[in-house]
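Trainee:
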Amino acid sequence: MVTIAAARFDEPAFYLGDPNATFAQLREADPVHWYEEGKFWVITKYEDIKGISARPEKFKSERIGIMMDLIAHREGRDPQGYQGRGIMFMDPPEHREHRKAIGVRFTPAAVAKMEARVRQVVNDVLDGLPDGEFDWIQRIAEPIPVYVFAYLLGVPEEDWPRVAGWATTIANVGSGVASDDDLAFIFEHIGPYLLGLVAERKDNPRDDLLTLLSEVRVNGEPFNETQVMIYALTLLAAGSETTQSLIAGIADCLDGHPDQAEKLFADPSLSANAVEEVLRYWTPVMSMARQAANDVNLRGATVRKGDGVLLAYASANRDQDHWGPTAEQFDITRDDAASHLGFGVGEHFCMGAALARREARLLLDEIVKRATGIHVVGERVPRASALVHTHDRLPVVLNYR
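The structure is reproduced here in structure tokens:
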């Protein structure tokens, strides 16, 4: 277990260990913790994180929205791509205008209309699996969310494998850790491809997200083609990686808790709640960040104007003051599993939450129909990230019926 003093909350290595043990120490001893090495606050209690998220006028997202921004802030740099990063890094009222314009494609009702198509994507991916061992990440967790989002954007189906091949670069963008090579690949390949689709929509509008982005007006002004492309890439990155991490967590959690897997495979009606419990226990996006707009007192600590604040969702999702004595247990029958912060909370509650939930539930539904169990059979290769909780490789076998 890493002690509070030794913890490096801005380093991926910390999250490759046992961060939950350190978060438990913080919740007990120092829930509003000043991380001197990183020059930011670490907030670990459920109610505190909900409260901060509900006060965008006091805790802003424009400059500091993710871990990488906290590092940039400490070093006196502007966050990566500042002023061109999309809806996740906006504050009200601008954020509300953009969310209102684009969110119509992500409402539960809109997502429900996509169910047949999402189920077809899931079945097509599962139909192509081998009988023996395979990599859950490469064969399931990466392609399903990329294919679904490609469909939503309006990418031609014959190009879906091509877009899926960009998954690593797209994931790096979503994590805020895009390298120079990633950025070069975006400008040389992904950007021009998306710009081509955007240009096509001007002459041939369709019922898809690219057309919506091309036609939408915010405060009376349309997006130009470059803005549409950046928006599409941002949504593709954020939507794909969050769901990929959730799907990775499904396999990991079921393998690690065979008693819960047995319950699920015996009773498929538990699949929806199982997804919620994975979102709580696994927490695909481990944190987001904010910047204090003014001096604020939190549990006796003075957070100064301009200070960065890390909202540790992974910690909140195991806070015994909210979840009770079973907070550290994985239980797919948990009554209040859906009150997790796995999709954030407040103004920046994940716009794609309904879609991610449906993808994960439909995947579980189909897995339970086809198999009686899932087992990790080789070495897990966790992804080195201070933002997303996932694997780069997860070898599994399904016990087919």
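Using my numbering, the letters of the sequence shown correspond one by one to residues 37 to 437.
Each residue gets a CB set at the ideal place from its N, CA and C atoms; glycine is no exception.
None of these values were measured; they are calculated from a predicted model.
For residue 364, collect the residues of the same chain with a Cβ closer than 7 Å to its Cβ; drop the 5 residues on either side in sequence, then sort them by chain order.
Mentor: Cβ neighbours of residue 364 beyond the five flanking positions: 354.
Trainee: For residue 324, does the count of other Cβ atoms within 10 angstroms reach 16, so buried, or fall short, so exposed?
Mentor: Buried, by the Cβ-count rule.
Trainee: Quick check: the Cα distance between residue 356 and residue 226, rounded to an integer number of angstroms?
Mentor: Using only the alpha carbons, I get a separation of about 44 Å.
Trainee: Pull up the distance between the alpha-carbon of residue 85 and that of residue 140, whole angstroms please.
Mentor: Computed Cα separation, rounded: 27 Å.
Trainee: Who does residue 70 pair with in a DSSP beta bridge?
Mentor: Answer is 77, bridged to residue 70.
Trainee: What number of angstroms, rounded off, separates the C-alpha of residue 118 from the C-alpha of residue 190?
Mentor: Because the pLDDT at residue 118 is just 40, under 50, the model does not fix this residue reliably, and the value given afterwards should be weighed accordingly. Rounded to the nearest angstrom, the two C-alpha atoms are 27 Å apart.
Trainee: Just to confirm, are residue 430 and residue 322 a CB contact at a threshold of 8 Å?
Mentor: Not a contact, by the Cβ cut-off of 8 Å.
Trainee: Which value, in whole angstroms, describes the spacing of the CA atoms of residue 95 and residue 287?
Mentor: In a straight line, the C-alpha of residue 95 is about 35 Å away from that of residue 287.
Trainee: In chain order, which continuous runs of the alpha helix (DSSP H) of length 4 or greater are located wholly inside the region 308-360?
Mentor: Counting whole runs of 4 or more residues, the region 308-360 contains the alpha helix (DSSP H) stretches 349-352 and 356-359.
Trainee: With a 10 Å radius around its C-beta and 16 neighbouring C-beta atoms as the bar for buried, classify residue 345 as buried or exposed.
Mentor: Residue 345 is buried by the Cβ-count criterion.
Trainee: Quick one: what does DSSP say residue 170 is sitting in, helix, strand or coil?
Mentor: Correct three-state label for residue 170: strand.
Trainee: Tell me whether the region 401-408 and the region 146-162 touch, counting them as touching only if at least three CB pairs, one residue from each stretch, are closer than 8 Å.
Mentor: Because the criterion of three Cβ pairs below 8 Å is met, the region 401-408 and the region 146-162 touch.
Trainee: Kindly provide the ranges of any alpha helix (DSSP H) runs that are 4 or more residues long and lie completely inside the region 168-240, ordered along the chain.
Mentor: Entirely contained in the region 168-240, the alpha helix (DSSP H) runs reaching 4 residues are, in chain order, 179-189, 196-200, 203-211, 216-221 and 227-239.
Trainee: Between the alpha carbons of residue 53 and residue 425, how many angstroms are there, rounded?
Mentor: Roughly 12 Å separates the two Cα atoms.
Trainee: Mark residue 380 as exposed unless 16 or more other C-beta atoms lie within 10 angstroms of its C-beta, in which case mark it buried.
Mentor: Label assigned to residue 380: buried.
Trainee: Throw me the rounded Cβ distance for the residue 185 and residue 276 pair, which I believe falls under 8 Å.
Mentor: Contact holds; Cβ gap of about 5 Å.
Trainee: Do residue 67 and residue 81 count as a contact pair if the criterion is CB distance below 8 Å?
Mentor: Closer than 8 Å, so yes.
Trainee: With burial defined as no fewer than 16 other Cβ atoms inside 10 Å of the residue's Cβ, what is the status of residue 415: buried or exposed?
Mentor: Exposed, because fewer than 16 other Cβ atoms sit within 10 Å of the Cβ of residue 415.
Trainee: Figure out for me which residue from 206, 62 and 238 has the closest Cα to the Cα of residue 278.
Mentor: Ranking the options by Cα distance to residue 278, first place goes to 206.
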